[in-house]
Amino acid sequence: MTPVNAASRLSWVQVALALIAGVAHAASMAWPLSIEVPALALLALHPAQPVWWLQLMALGLLAGLLRNCQHWRPAALAGWLFATAWLTGTFWWTFVALHTYGGLPAVLAVLAVLALAALLALYYAALCGLFVALAPVNRAWAAIVFAALWLIAELARGVWLTGFGWGASGYAHVDGPLAGFAPWLGMYGLCLLSAWLAMTLAQLIRPAQACGTWRERAFGLPAVLLLLTLPAVYRMEQPDMSRSVGTVAVTLLQGNIPQDEKFETGTGVPQALQWYAAQLRDSRTSLVIAPETAIPVLPQQLPPGYWDALQQRFATGQQAALIGMPLGSYQEGYTNSAVGFKPGQALPWRYDKHHLVPFGEFIPPFFKWFTAMMNIPLGDFNRGGLRQPPFEWQGQRLSPNICYEDLFGEELGRRFIDPSQDPTIFVNISNLAWYGNSLAMDQHLQIARMRAKEFERPFVLATNTGLTAIVDHRGGIVADLARDTRAVLVGEVEGRTGVTPYGWWVARFGLWPFWLGALALVLLAVRRSLRKR
4 MTPVNAASRL
14 SWVQVALALI
24 AGVAHAASMA
34 WPLSIEVPAL
44 ALLALHPAQP
54 VWWLQLMALG
64 LLAGLLRNCQ
74 HWRPAALAGW
84 LFATAWLTGT
94 FWWTFVALHT
104 YGGLPAVLAV
114 LAVLALAALL
124 ALYYAALCGL
134 FVALAPVNRA
144 WAAIVFAALW
154 LIAELARGVW
164 LTGFGWGASG
174 YAHVDGPLAG
184 FAPWLGMYGL
194 CLLSAWLAMT
204 LAQLIRPAQA
214 CGTWRERAFG
224 LPAVLLLLTL
234 PAVYRMEQPD
244 MSRSVGTVAV
254 TLLQGNIPQD
264 EKFETGTGVP
274 QALQWYAAQL
284 RDSRTSLVIA
294 PETAIPVLPQ
304 QLPPGYWDAL
314 QQRFATGQQA
324 ALIGMPLGSY
334 QEGYTNSAVG
344 FKPGQALPWR
354 YDKHHLVPFG
364 EFIPPFFKWF
374 TAMMNIPLGD
384 FNRGGLRQPP
394 FEWQGQRLSP
404 NICYEDLFGE
414 ELGRRFIDPS
424 QDPTIFVNIS
434 NLAWYGNSLA
444 MDQHLQIARM
454 RAKEFERPFV
464 LATNTGLTAI
474 VDHRGGIVAD
484 LARDTRAVLV
494 GEVEGRTGVT
504 PYGWWVARFG
514 LWPFWLGALA
524 LVLLAVRRSL
534 RKR
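For reference, each letter of the sequence shown is one residue, going 4 to 536 in our numbering.
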């Protein structure tokens, strides 16, 4: 038997480094609130905020491992280990939904989370293996090829098979120096830039004999500094790309109905109906917003007079409401929706969720056996259209999205094709109670903040258990509520009009410019690699 070549395998030290880097990459998305690190407190880190430089360090460590690999197999394994640790550490909270509320045995729930992370990690294993197989020697070219491959992996995870780009590397930069590129390139553009930075920095600190002389490598330092400082310099010279269209006073309702009672007719349902009815009745602002499935039953299942009372409450006066609730019937099918009430409206306005959650709102083929093991109200919901008319009120065009729909910026961007229908305010209604008091709330808020930066639009988030918040058009948190509390948030939101460069091109071309550009670079790298051989 021929012994395995040491160049085609990872050492235990490299395995450990890949896993540590993956965990650090997950931590860069949001520091857990329950963990206090006194040494890091000196650096004034906010516990539940993204840490952009940690993301660069973690990805840079992976880049350094790849530059030391001489064969594609250990590179692919390093990428897979890194991504598996990163993704497991990012959305570990899915365990809570599967086990605590879904009734799946703990062992199977753990395996399900690991399996999902491991499957999605294959995208990154492929990019790492291909990077080393292409063997780009030139340092500048190596950084470009790595960034292009990283972008393809992020796009594939975020788009293919309905897409699940939660925790993509670009979100770590919502507060960093790269955030200034968001209105131009969007979150995926930040993924591209951060990958280029990580590989460039990794190569700058390599021994000179491994990566050319210091003089040869010095070109990279000015490029890194320019990339990190250009957004700040530009912001100092340029005004916002959008302009104000006035403010609207809002009331955001956070009912904090326990998830294990939310759909129980003897506990959670009457509790929700009573509390939300009282808040809708007593609100005094011009707009009141209730979260996803705030009313947890169909209109025809409501107590007698409840639906009519809602309509009459907002039929006159100067107030309007957006309320999350299911709609439909057995014959027509069901939708996860938001209904809007305002004066002078014959029928309630409605928005039907477009991007449905696999296993939550539709069951993929061949997985009936898996969902049958869970005690979660699942079903095949009808899908709403990609571009639905906004809810117009007091000079504002309110554009709702439900649950994790704000994860798909390219889909929200489609709403900017027609200037007469452009959103002035994004409204997200969610129920994150499925995931307990976890980082899912913090990560969801960061996603909304990134969308706000991309389109220069304010975001308001009304949730069942948190985080309910008002985010301005620059991604700053104006006000928020404590999680896991029953409370009401009252504030003002400034609507905006005008379109950012990213909003303009993603509305017309989607993510195709990224796909085509990255694939062109990879094909060029393949051609150069074949020529060398």
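The beta carbon of each residue, even a glycine, is placed where N, CA and C say it ideally should be.
- For GLU457 and THR103, the gap between their C-alpha atoms comes out near 35 Å.
- Rounded to whole angstroms, ALA521 and SER245 show a C-alpha spacing of 29 Å.
- The closest CA to that of ARG486, considering only TRP518, GLY479, MET444 and HIS28, is found on MET444.
- Only exposed fits ILE208, as fewer than 16 other CB atoms lie within 10 angstroms of its CB.
- Where THR87 is concerned, the enclosing alpha helix (DSSP H) starts and stops at 75-93.
- Beta-bridge annotation (DSSP): VAL342 is paired with ILE326 and ARG353.
- A contact between stretches requires three or more CB pairs, one per stretch, nearer than 8 Å, and the stretch 454-474 fails this requirement with the stretch 111-129.
- In the displayed model, GLU497 falls within a strand according to three-state DSSP.
- Here the alpha carbons of GLY166 and SER441 stand approximately 22 Å from one another.
- PRO346 has its alpha-carbon roughly 7 Å from the corresponding atom of GLY320.
- Straight across, the Cα-Cα distance linking VAL493 with ALA523 is about 49 Å.
- If you draw a 10 Å sphere on the C-beta of ALA86, you find 16 or more other C-beta atoms in it, and that means buried.
- Setting aside the 5 residues that flank it on each side, TRP507 is surrounded in the same chain by PHE419, each with a C-beta closer than 8 Å to its C-beta; the list follows chain order.
- Counting C-beta pairs with one atom in each stretch, the stretch 113-121 and the stretch 56-72 have fewer than three that are closer than 8 Å, which means they do not touch.
- Between TYR191 and GLN449 the beta-carbon gap is near 15 Å, outside 8 Å, which marks them as no contact.
- Secondary structure note for PRO422: it is in no beta strand (DSSP E), with a DSSP letter that is neither H nor E.
- Shown here for VAL113: same chain residues with a beta carbon closer than 7 Å to its own, the five before and five after excluded, namely PHE98 in chain order.
- By the CB criterion at 8 Å, GLY513 and ILE428 fall outside the cutoff.
- Here TRP515 is exposed, its C-beta having fewer than 16 other C-beta atoms within 10 Å.
- Per DSSP, PRO516 lies in no beta strand (DSSP E) segment; the continuous alpha helix (DSSP H) that holds it begins and ends at 515-535.
- DSSP lists GLU395 as the beta-bridge partner residues of ARG400.
- Here the stretch 386-404 does not lie against the stretch 474-481, with fewer than 3 beta-carbon pairs under 8 Å apart.
- As computed with DSSP, TYR337 is found in a beta bridge with GLY331.
- Taking all protein chains shown into account, ASP355 has 16 or more neighbouring C-beta atoms within 10 Å of its C-beta and is therefore buried.
- Closest option to THR503, judged by alpha-carbon separation, among ALA78, TRP187, HIS176 and VAL54: TRP187.
- It is roughly 22 Å from the alpha-carbon of LEU111 to the alpha-carbon of TRP83.
- When the Cα atoms are used, GLY439 and PRO273 turn out to be separated by approximately 22 Å.
- One Cα belongs to LEU13, the other to PRO77, and the distance between them is close to 5 Å.
- The beta carbon of PRO294 sits closer than 8 Å to those of LEU256, GLN257, GLY258, GLY327, ILE432, SER433, ASN434, ALA465, THR466, ASN467 and THR471, all from its chain and outside the five residues before and after it, given in chain order.
- Going by beta carbons, VAL135 and HIS74 fall inside the 8 Å limit.
- Taking a 10 Å sphere around the C-beta of PRO108, we find fewer than 16 other C-beta atoms and assign the residue as exposed.
- Residue range 55-70 is occupied by the alpha helix (DSSP H) that includes GLY63.
- One alpha carbon belongs to GLY479, the other to PRO306, and they sit about 41 Å apart.
- With at least 16 other beta carbons inside 10 angstroms of its own, ARG454 counts as buried.
- For ARG246, the enclosing beta strand (DSSP E) begins and ends at 246-257.
- If you look at SER197, you'll find it isn't in any beta strand (DSSP E); it sits in the alpha helix (DSSP H) that goes 185-207.
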